[in-house]
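To start, the structure itself, in structure tokens.
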Amino acid sequence: MIDSLPKDKIFTMVICGDKPGADIARIRQETLQEHLAHVEKTIDDLLVAGPIFTDDGKSVRGSILIYKTHSRQVAQTMLEADPYYKADIWQDISYHVFYGAAGDAVGGLAFK
């Protein structure tokens, strides 16, 4: 099924849940500038990325990255180069390949 869709509308979403604890928040903060430099260097590979907040909005509980690739393996390689990954702050990482069927990021309605 995925092979019949336009490759430029296939993305890989990566959801990374932080490990619990104050140490992880501290490590996240200490690694932030290095992480942001990495994001800047790889910006052409990203559709969008950013922190995931707790329900009350008072702290970060993870990260979401949407890579411009249809390959889970390529997304995994890109994620493993991220300083946050190397700092081992995430406990749960899930990869989801999807078709961007609608929205600003795909120019409106990609299926029309």
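Each residue of the sequence shown is one higher than the last, beginning at 1 in full-length UniProt numbering. A virtual CB, placed ideally from N, CA and C, is assigned to each residue, including glycine. In this text, all values refer to a predicted model and were calculated from it rather than measured experimentally.
- Local conformation of M13 per DSSP, three classes: For this step, residue 13 is matched to residue 13 along the sequence shown. In this structure, M13 counts as strand in the three-state DSSP scheme.
- Cβ neighbour criterion (16 or more within 10 Å) applied to G57: By 1-based counting over the sequence shown, the position of residue 57 is 57. Exposed, because fewer than 16 other Cβ atoms sit within 10 Å of the Cβ of G57.
- How many whole angstroms separate the CB atoms of S71 and T12, which I take to be in contact at a CB cut-off of 8 Å? What you label residue 71 is simply residue 71 of the sequence shown in a count that begins at 1. What you label residue 12 is simply residue 12 of the sequence shown in a count that begins at 1. Right, the Cβ-Cβ distance comes to about 7 Å (below 8 Å), so this counts as a contact.
- Reference L65, options G17, A25, P6 and G107, closest by Cα: Within the sequence shown, the letter at position 65 stands for residue 65. Answer by Cα proximity: G17.
- Query: What residues match up with H96 in a beta bridge as DSSP calls it?
  - Reply: The sequence position of residue 96 within the sequence shown is 96, counting from 1. Its beta-bridge partners are M13.
- Residues bridged to L65 (per DSSP): Working through the sequence shown from its first residue, we reach residue 65 at position 65. According to DSSP, L65 bridges with V14 and A49.
- Item | Contact check, I89 vs I24, beta carbons under 8 Å | Walking along the sequence shown from the start, residue 89 turns up at place 89. Walking along the sequence shown from the start, residue 24 turns up at place 24. A contact, by the Cβ cut-off of 8 Å.
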